[in-house]
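Residue numbers (this note's numbering): 72 to 199.
This is the structure we're talking about:
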């Protein structure tokens, strides 16, 4: 099972002190591979260079965290949310995101989503 992770989820560990790998393993309980689309890496790189100091710090940590996951090619000529949605449909993947709008769009398409619920726990929305 592929799990596509986006920038909002990669930035959570610094914000909420969450071990996202552990939380995803706790929720999914089947063999999985976390993948990071190139467009997400590009977005984090941009944030680490051009945003406020706190966002820069979160983005830099997120890039370090992303190094531990498999990178996948993606179309970088569109919006990251559109590409994540396309990849999730194409690969029948779960998406780990903390972006409310993206989560709602994914659920409308029947895509399983992992997202923050409460202060420091991730939850699974949909059935695997």
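Cβ coordinates follow ideal geometry from the N, Cα and C atoms, glycine included.
As assigned by DSSP and simplified to three states, the class of residue i
{"i": "residue 186", "result": "strand"}
{"i": "residue 143", "result": "strand"}
{"i": "residue 102", "result": "coil"}
{"i": "residue 137", "result": "helix"}
{"i": "residue 88", "result": "coil"}
{"i": "residue 123", "result": "coil"}
{"i": "residue 74", "result": "strand"}
{"i": "residue 129", "result": "helix"}
Beta-carbon spacing of residue i, residue j below 8 Å
{"i": "residue 111", "j": "residue 151", "result": "yes"}
{"i": "residue 167", "j": "residue 82", "result": "no"}
{"i": "residue 193", "j": "residue 185", "result": "yes"}
{"i": "residue 187", "j": "residue 87", "result": "yes"}
{"i": "residue 199", "j": "residue 101", "result": "yes"}
{"i": "residue 142", "j": "residue 160", "result": "no"}
{"i": "residue 195", "j": "residue 98", "result": "yes"}
{"i": "residue 170", "j": "residue 77", "result": "yes"}
{"i": "residue 126", "j": "residue 132", "result": "no"}
Residue of the options minimising C-alpha distance to residue i
{"i": "residue 107", "options": "165, 120, 171 and 199", "result": "165"}
{"i": "residue 72", "options": "181, 105, 88 and 93", "result": "105"}
{"i": "residue 95", "options": "109, 114 and 74", "result": "74"}
{"i": "residue 197", "options": "191, 89, 114 and 163", "result": "163"}
{"i": "residue 146", "options": "119, 109 and 177", "result": "109"}
Contact with chain C by residue i, beta-carbon distance below 8 Å
{"i": "residue 195", "result": "Reference to chain C is not applicable here, since this structure consists of a single protein chain."}
Whole-angstrom C-beta distance between residue j and residue i, which should lie under 8 Å
{"i": "residue 85", "j": "residue 116", "result": "At roughly 16 Å, the Cβ-Cβ gap does not stay under 8 Å, so residue 85 and residue 116 are not in contact."}
Segment contact flag, the segment 154-168 with the segment 132-141, C-beta cutoff 8 Å, min 3 pairs: no
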